[in-house]
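Using this note's numbering, you'd call the opening residue of the sequence shown number 96 and step up by one each time. Positions of the beta carbon are idealized from the N, C-alpha and C atoms, including for glycine. Predicted, not measured: the structure shown is a model, and the values here were computed from it.
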Amino acid sequence: MAQELAAKAKEAFVDDDFDVAVDLYSKAIDLDPNCAEFFADRAQANIKLENFTEAVADASKAIELDSSLTKAYLRKGTACMKLEEYRTAKIALEKGASIAPSESKFKKLLDECDLRIAEEKDLVQPVPTALPSPISEVDVSPAPAAPAKAKYRHEYYQKPEEVVVTIFAKGIPKQNVNIDFGEQILSVVIDVPGEEEAYHLQPRLFGKIVPDKCRYEVLSTKIEIRLAKADIITWASLEHGKGPAVLPKPNVSSEVSQRPAYPSSKKVKDWDKLEAEVKKQEKDEKLEGDAALNKFFREIYQNADEDMRRAMSKSFVESNGTVLSTNWKEVGTKTIESTPPDGMELKKWEI
């Protein structure tokens with residue numbers, strides 16, 4: 096069953112459906128958690144999805160299960176390079192190249208790693224400048240000591256105002272952790288119990304930070320570092336590199352961009368349409384009793400010609416509201432007498 100799921104995952108990968116491939120590999124791993132191939136192949140799918148941290152974890156697990164699986168080293172090195180962890184990538188690639196010396200991909204990636212590491216060293220060397228500036232103070236800071244072999248995995252995520260770096264180091268006493276913040280330098284030194292060499296993480300950061308606002312916390316399973324950004328920009332990576340900074344996008348609605356709006360109005364109203372709706376509601380309104388009768392007479396009067404209107408007015412007034420005629424020829428030449436309804440008596444009031 097696990098092999099069948101893996102076969103379907105490979106088909107999905109070939110079809111560029113990488114999310115499905117990751118899901119199927121995960122199900123296969125649940126059924127057979129000791130298969131290094133499954134972890135290595137899921138690492139490749141995660142690389143395609145740019146889930147580089149997950150890819151490193153998968154490749155490392157594959158290596159743990161089968162130390163001779165060359166593609167696991169290749170994929171770990173590739174993912175680490177995407178995370179700009181070039182020294183870690185070089186270690187994995189060198190191990191893979193020693194197992195498969197004829198594989199040209201290892202040599203190509205190792206050459207790129209060496210180039211990136213050399214560029215990092217150049218970045219922390221003093222740079223001559225004609226005018227002193229805050230940036231030059233960071234650039235001319237002494238290069239940190241060469242880091243020892245990495246013992247702990249680290250990753251980061253960011254918010255508009257800060258970057259959170261996590262070092263996955265378990266059981267480290269707080270007094271063994273020494274962290275310093277510069278304007279664009281993070282220096283982490285961990286005295287590892289039982290080890291002669293300390294762990295170093297000293298990257299030149301992608302952007303500037305505010306040292307006084309930075310802080311860190313030593314937990315039982317990790318060390319969490321919060322870097323306060325000096326500028327509200329999106330870092331392309333944790334370490335200084337070639338990626339451009341990204342300014343936050345303004346929240347402008349498409350409606351505003353397509354047509355102008357008056358500052359004092361929230362929405363333009365179609366008054367003609369509104370008036371038509373009111374008239375329709377009045378027309379459709381269901382009235383009863385005298386209200387319905389009055390409405391009926393109003394509609395007759397509004398639709399009548401001049402003679403009909405004169406007849407209605409004359410008959411209604413002269414009959415004290417007891418007669419309403421629309422025939423002007425009939426009522427125009429005589430006085431209309433009051434005609435009360437059956438069972439009622441007409442009374443004349445003296446004023």
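(request) Please list the segments of the beta strand (DSSP E) lying wholly inside the segment 249-321, counting only runs of 3 or more residues, in order along the chain. (result) Correct list: 249-253, 257-262, 272-276, 281-285, 294-296 and 310-313.
(message) Am I right that Ile-304 and Glu-334 are in contact with their C-beta atoms under 8 angstroms? What's the rounded C-beta distance?
(response) As a working note, residue 304 is residue 209 in the sequence shown. As a working note, residue 334 is residue 239 in the sequence shown. In this structure, Ile-304 and Glu-334 do not form a Cβ contact; the two beta carbons are roughly 13 angstroms apart against a cut-off of 8 angstroms.
(request) Measure from the alpha carbon of Val-115 to the alpha carbon of each residue in Ala-104, Leu-296, Lys-424 and Ala-138, then state which is nearest. (result) Numbered from its first residue, the sequence shown carries residue 115 at position 20. Taking only the C-alpha atoms, the option nearest Val-115 is Ala-104.
(message) Between the alpha carbons of Leu-204 and Ala-184, how many angstroms are there, rounded?
(response) Indexing the sequence shown from 1 puts residue 204 at position 109. Indexing the sequence shown from 1 puts residue 184 at position 89. Cα to Cα, the separation comes out at about 9 angstroms.
(request) Per DSSP, which residues does Lys-324 bridge with? Please list them. (result) Position 229 of the sequence shown, counted from the first residue, corresponds to residue 324. Beta-bridge pairing links Lys-324 to Ile-304.
(request) Measure the CB-CB distance between Phe-201 and Ala-213 and report whether it falls below 8 angstroms. (result) Translated into positions along the sequence shown, residue 201 becomes position 106. Translated into positions along the sequence shown, residue 213 becomes position 118. Phe-201 places its beta carbon 8 angstroms or farther from that of Ala-213.
(message) Which of the three DSSP states is assigned to Thr-183 in this structure?
(response) Counting from 1 along the sequence shown, the entry for residue 183 is found at position 88. In the three-state scheme derived from DSSP, where H, G and I count as helix and E and B as strand, Thr-183 is classed as helix.
(message) What would DSSP say about Thr-173, mapped onto helix, strand or coil?
(response) By one-based count along the sequence shown, residue 173 stands at place 78. The answer is helix: DSSP assigns Thr-173 an H, G or I state.
(message) Please identify the residue among Arg-404, Arg-170 and Leu-126 whose C-alpha is closest to the C-alpha of Phe-147.
(response) Locating residue 147 in the sequence shown gives position 52, counting from the first residue. Nearest option by C-alpha distance: Arg-170.
(request) From the DSSP output, read off the bridge partner residues of Glu-69. (result) The structure shown does not extend to residue 69, since the chain is modelled only from 96 to 446, so the question has no answer here.
(message) If the criterion is Cβ atoms closer than 8 angstroms, does the pair Arg-425 and Ser-414 meet it?
(response) For this step, residue 425 is matched to residue 330 along the sequence shown. For this step, residue 414 is matched to residue 319 along the sequence shown. First, the amino acid is wrong: residue 425 is Glu here, not Arg. Their beta carbons are not under 8 angstroms apart, which means Glu-425 does not touch Ser-414 by this criterion.
(message) Taking the alpha helix (DSSP H) that Asn-141 belongs to, which residues open and close that run?
(response) The residue labelled residue 141 in the question sits at position 46 within the sequence shown. Note, Asn-141: alpha helix (DSSP H), 131-143.
(message) For the alpha helix (DSSP H) containing Val-151, name the first residue and the last one.
(response) Residue mapping note: residue 151 aligns to position 56 of the sequence shown, counting from 1. For Val-151, the enclosing alpha helix (DSSP H) covers residues 147-160.
(message) I need the straight-line Cα distance from Asn-404 to Thr-421, nearest angstrom please.
(response) Numbered from 1 along the sequence shown, position 309 holds the residue referred to as residue 404. Numbered from 1 along the sequence shown, position 326 holds the residue referred to as residue 421. What sits at residue 404 in the sequence shown is Arg, not Asn. About 7 angstroms.
(message) So, with DSSP's three-state summary, where would you put Leu-119?
(response) Here residue 119 refers to the residue found at position 24 when the sequence shown is read from its first residue. Three-state result, Leu-119: helix.
(request) Give the single residue among Ala-331, Ser-199, Leu-144 and Leu-164 whose Cα lies nearest to the Cα of Ala-174. (result) Within the sequence shown, residue 174 is the residue found at index 79, counting from 1. Checking every option, the nearest Cα to that of Ala-174 belongs to Leu-144.
(message) I'd like the list of long-range same chain contacts for Pro-298, defined as Cβ closer than 7 angstroms, with 5 residues on each side in sequence excluded.
(response) Within the sequence shown, numbered from 1, the residue matching residue 298 stands at position 203. Contacts found: Leu-281, Leu-333 and Glu-334.
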